[in-house]
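Residue numbers (our numbering), protein chains in the order written: chain A, 1 to 214; chain B, 1 to 214. Idealized CB from N, CA, C, for every residue including glycine. The structure under discussion appears below in the form of structure tokens.
2 protein chains.
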Amino acid sequence: MGVKERREREKSETRDKILDAARELFVTEGYEGVSMRKVAEKIEYSPTAIYVHFADKNELFHELCRQDFARLQEVMKSAEMPADPLERLRHIGRRYIDFGTHFPHHYVFMFMTPHPAHEPDDEDREIMGNPEVDAYALLKWAVQQAIDAGCFRPELQDAELVSQTLWASVHGVISLNIAKHQDPWVEWRPLQDRAEMMLDLTLRGLRNPAKEVR
Amino acid sequence: MGVKERREREKSETRDKILDAARELFVTEGYEGVSMRKVAEKIEYSPTAIYVHFADKNELFHELCRQDFARLQEVMKSAEMPADPLERLRHIGRRYIDFGTHFPHHYVFMFMTPHPAHEPDDEDREIMGNPEVDAYALLKWAVQQAIDAGCFRPELQDAELVSQTLWASVHGVISLNIAKHQDPWVEWRPLQDRAEMMLDLTLRGLRNPAKEVR
DNA sequence: GCAGTAACTTAACGATGTTAACTAAACATC
DNA sequence: GATGTTTAGTTAACATCGTTAAGTTACTGC
């Protein structure tokens with residue numbers, strides 16, 4: 001009765017082939033630059049074969065990004081975390097910026113492109129809220145730790161709000177860089193300087209002056 | 001010899017008709033949602049007529065945004081500016097966020113979409129660096145004022161770097177909101193709360209503790 | 001009157017995402 | 001072992017897109 005299993009395995013193999021081909025094109029060309037036909041050509045299938053495995057182009061690249069994000073999140077969490085809660089937040093911010101900088105097309109598709117609202121599916125639900133695989137949950141966890149340790153000003157008690165603001169701050173640096181870094185209108189300072197200043201400003205703004213450092 | 005003038009006026013009239021039709025569609029549908037054919041249909045011209053007035057779709061909407069930005073910047077600067085340099089920065093940040101919130105499609109096209117680098121033309125050069133019409137120049141000016149007034153920590157002397165970071169901070173709030181506000185993954189706090197917290201954090205982070213308030 | 005300019009149209013090209021109808025092979029059932 | 005069902009994959013086609021090339025047509029300057 002291993003027949004069904006083998007068929008499923010075969011199907012998921014060509015599914016993976018599609019994803020790999022799509023990934024290779026996506027990394028250099030971005031969402032708009034990749035066509036279903038090009039993906040199909042790369043694996044020597046007809047364009048419509050993709051629709052057996054994915055509902056449409058959007059879902060294909062959504063799945064692609066989900067996989068790659070999970071893998072990168074794994075790398076991220078495996079790195080050592082600073083013990084000091086504020087330094088931990090700085091660390092997370094830096095990693096996040098690295099990530100967005102190295103995979104700009106992923107970042108554009110996932111965080112800079114409005115998508116129609118979609119109910120989370122089972123696979124989403126497995127990730128959501130789990131700091132091991134969900135970067136936002138990791139951030140929220142680190143923020144809560146900082147609150148509990150008294151590192152923030154006492155009026156800052158909403159971990160959700162603080163997390164969303166911190167996310168927005170590093171997102172601002174990354175996304176503005178991706179969209180505008182080659183715009184001659186602005187004399188851009190080095191990305192790293194902007195990133196460090198952003199982390200410096202926000203963490204200073206959060207810090208509880210009553211709690212001395214060290 | 002007013003013939004040439006009349007012809008030019010007529011031409012710029014249909015140019016304006018194109019821009020108005022494009023704008024109406026653009027505001028509700030966004031860049032990808034508007035086609036040249038739809039714009040043409042709206043003004044009862046053939047699609048290719050547009051190419052007499054604009055090199056391509058990108059240029060059409062670039063011009064559209066340039067016009068609308070200039071108009072809005074006019075509104076922005078006409079409002080009274082707080083005397084205190086830090087409050088002035090907060091004021092600018094709030095206006096900027098209002099703007100991005102009310103014209104999300106403009107904002108997406110101008111600040112969230114990577115465009116190929118293009119040399120500034122004459123019209124661009126007229127705007128660039130002029131705080132009256134260039135929002136970034138206005139921000140830089142306000143930052144320099146704050147530096148000169150000693151409102152920032154003394155090590156913060158690079159107005160360009162500070163401006164870019166402040167811009168990124170509010171840009172982060174706006175753009176993340178546009179792209180993700182309907183994502184059920186995150187329990188979003190109200191936009192205004194996130195905006196105010198961002199301004200609070202960054203301005204606190206900049207403030208010179210040696211200079212007492214008031 | 002005649003040549004020239006230029007706004008505008010018609011027709012078409014190549015590309016896109018996607019659907020409908022079909023093929024062919026593997027499977028389950030009798 | 002024939003028969004019907006499922007399903008991965010194909011071919012052909014549709015509607016739409018941005019854009020170009022080749023007209024047309026009206027007006028202008030001479």
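query	result
List the residues of chain A whose Cβ lies closer than 7 Å to the Cβ of M197 (chain B), in chain order.	L161 and T165
When you compare each of A:Q145, A:E44 and A:R125 to P82 (chain A) by their alpha carbons, which one comes out closest?	A:Q145
Less than 8 Å between the beta carbons of R111 (chain B) and A149 (chain A), yes or no?	This sequence places Phe at residue 111 (chain B); Arg is not what is there. For F111 (chain B) and A149 (chain A), no; Cβs fall outside 8 Å.
Relative to the alpha-carbon of A70 (chain A), which residue among A:P154, A:Y45 and A:F99 has its alpha-carbon at the smallest distance?	A:F99
Please decide whether M1 (chain B) counts as near chain A, where near means a Cβ-Cβ distance under 8 Å.	Reliability of the predicted coordinates at M1 (chain B) is poor, the pLDDT of 47 falling under 50, and no value is obtained from them.
Give the single residue among B:Y136, B:F109 and B:H106 whose Cα lies nearest to the Cα of G93 (chain B).	B:Y136
Check the Cβ-Cβ distances between Q182 (chain A) and every residue of chain B, and say whether any is below 8 Å.	yes
Note down, in chain order, every chain A residue with its Cβ under 9 Å from the Cβ of F111 (chain B).	S175, L176, A179 and K180
Kindly say whether L206 (chain B), judged by its beta-carbon, lies nearer than 8 Å to any beta-carbon of chain A.	yes
Which same chain residues, not among the five before or five after K42 (chain A), have their C-beta less than 8 Å away from its C-beta?	A21, E24 and L25
Please classify K11 (chain B) as buried or exposed, where buried requires at least 16 neighbouring CB atoms within 10 angstroms.	exposed
With DSSP as the reference, identify every bridge partner of R207 (chain B), one or two as the case may be.	B:F152
Are the C-beta atoms of A210 (chain A) and some chain B residue less than 8 Å apart?	no
With distances taken Cα to Cα, identify the nearest neighbour of R90 (chain A) among A:S175, A:S169 and A:A210.	A:S169
Counting only C-beta atoms, is M128 (chain A) closer than 8 Å to chain B at any point?	yes
Measuring CB to CB, does C65 (chain A) end up less than 8 Å from H102 (chain A)?	no
Just to confirm before moving on: does the CB-CB distance between G172 (chain A) and T202 (chain B) stay below 8 Å?	no
If we count the other Cβ atoms within 10 Å of its Cβ and call it buried at 16 or more, is I18 (chain B) buried or exposed?	buried
Work out the CA separation of T113 (chain A) and M36 (chain A) for me, nearest whole Å.	19 Å
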